[in-house]
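Below you'll find the structure, written out as structure tokens, and then a few comments.
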Amino acid sequence: RKEVEQDPGPFNVPEGATVAFNCTYSNSASQSFFWYRQDCRKEPKLLMSVYSSGNEDGRFTAQLNRASQYISLLIRDSKLSDSATYLCVERNQGGKLIFGQGTELSVKP
Amino acid sequence: EAQVTQNPRYLITVTGKKLTVTCSQNMNHEYMSWYRQDPGLGLRQIYYSMNVEVTDKGDVPEGYKVSRKEKRNFPLILESPSPNQTSLYFCASRDYGGQETQYFGPGTRLLVL
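Quick mapping for you: the protein sequence lines, in order, are chains A and B. Residue numbering for the first sequence is 195 to 303, as defined by the numbering used here. Residue numbering for the second sequence is 620 to 732, as defined by the numbering used here.
Below, the structure written as structure tokens:
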């Protein structure tokens, strides 16, 4: 089983839609989680950290469910510019970042 | 401006011809890493360094070398490249510990013929 698993998609949604991605992780001791965004073959960039209480940044909401070992990313009112690959990232106890394969999102007009 | 730079950005080479991809960061970060990204496999860590003169293997270190003589630089060396090392390579840096952001370089596309 992979350490961090994501549905690769692609998710094709119309502008204005709400879309949610889930990601599961296998190491129950991991403490920190992140979502990174990667535009086509460019470098990944931090979108947001994921806290136990959940956190929101504008149209983006991230949640962590420790009991079920998954994290989620919700994007409301999708924009064309949200089209990208979203990487789920776990930071293990040793400080190593473990990346999921990424979920591709395509927002259409 | 805080950044990680890599050179070259694109490289076509032949099997067995030694090459070096340079990486430099201007944020005084302790922790630096090299990743390769391949379709269907995601980002895999090749080597990492927690500080000057401290390097360690990641998940896919075979065929690669690194060095960390200065805090800002972390070159990736392919002594004898092979076609299976054709990939997109990213260098990254961050402070070690906490919820710190990891910054990536712009990537190096390598084709080994």
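Where a beta carbon is used, it is the ideal one built from N, C-alpha and C, also for glycine.
{"Check": "Would you please verify whether the beta carbon of P725 (chain B) is less than 8 Å from any beta carbon of chain A?", "Outcome": "yes"}
{"Check": "Count the other C-beta atoms from every protein chain shown that fall within 10 angstroms of the C-beta of S652 (chain B), then say buried if there are 16 or more, exposed otherwise.", "Outcome": "buried"}
{"Check": "My assumption, with CB atoms under 8 Å, is that Y683 (chain B) sits in contact with T674 (chain B). Please give the rounded CB distance.", "Outcome": "Incorrect: roughly 11 Å between the Cβ atoms, too far for contact."}
{"Check": "Assuming V623 (chain B) and Y708 (chain B) form a contact by the criterion Cβ under 8 Å, report the distance between their Cβ atoms to the nearest whole angstrom.", "Outcome": "V623 (chain B) to Y708 (chain B), Cβ: 12 Å. No contact."}
{"Check": "Following the continuous beta strand (DSSP E) through N249 (chain A), name the residue where it begins and the one where it ends.", "Outcome": "N249 to D251"}
{"Check": "Could you please tell me which residues of the segment 679 to 713 of chain B, in chain order, have their CB closer than 8 Å to any CB of chain A?", "Outcome": "L707 and F709"}
{"Check": "Kindly list the residues whose CB is nearer than 7 Å to the CB of Q295 (chain A), restricted to its own chain and excluding five residues on each side of it in sequence; keep chain order.", "Outcome": "Q200 and P202"}
{"Check": "Tell me which residues share the same chain as V301 (chain A) and place their Cβ nearer than 7 Å to its Cβ, disregarding the 5 neighbours each side in the sequence.", "Outcome": "V207, E209, S272, K273, L274, D276 and S277"}
{"Check": "Please state whether DSSP places L274 (chain A) in a helix, a strand or coil.", "Outcome": "helix"}
{"Check": "Note down, in chain order, each residue of its chain lying with its Cβ closer than 8 Å to the Cβ of D657 (chain B), except the 5 sequence neighbours on either side.", "Outcome": "R663, S706 and L707"}
{"Check": "Q232 (chain A) by DSSP, collapsed to three states: which one?", "Outcome": "strand"}
{"Check": "Taking DSSP as the reference, what is the three-state secondary structure of N221 (chain A)?", "Outcome": "coil"}
{"Check": "Can you pull the chain B neighbours of R260 (chain A), defined as C-beta to C-beta under 8 Å?", "Outcome": "Simply none; closest approach about 16 Å."}
{"Check": "Hey, quick one: how far does the beta strand (DSSP E) through R728 (chain B) stretch, first residue to last?", "Outcome": "T727 to V731"}
{"Check": "Mind listing the chain A neighbours of Y740 (chain B)? Cutoff is C-beta to C-beta under 7 Å, in chain order.", "Outcome": "Since the displayed chain B opens at 620 and closes at 732, residue 740 (chain B) lies outside it and no answer follows."}
{"Check": "Of all the options B:G677, B:E719 and B:Y654, which has the alpha carbon lying nearest to the alpha carbon of C642 (chain B)?", "Outcome": "B:Y654"}
{"Check": "Which value, in whole angstroms, describes the spacing of the CA atoms of G252 (chain A) and A223 (chain A)?", "Outcome": "29 Å"}
{"Check": "Near T297 (chain A), which residues of its chain fall below 7 Å by C-beta distance, leaving aside the five closest residues on each side in sequence?", "Outcome": "Q200, D201, P202, G203, F205, F215, T279 and Y280"}
{"Check": "Using only alpha-carbon positions, find the residue among A:C217, A:D233 and A:S226 that is nearest to L299 (chain A).", "Outcome": "A:D233"}
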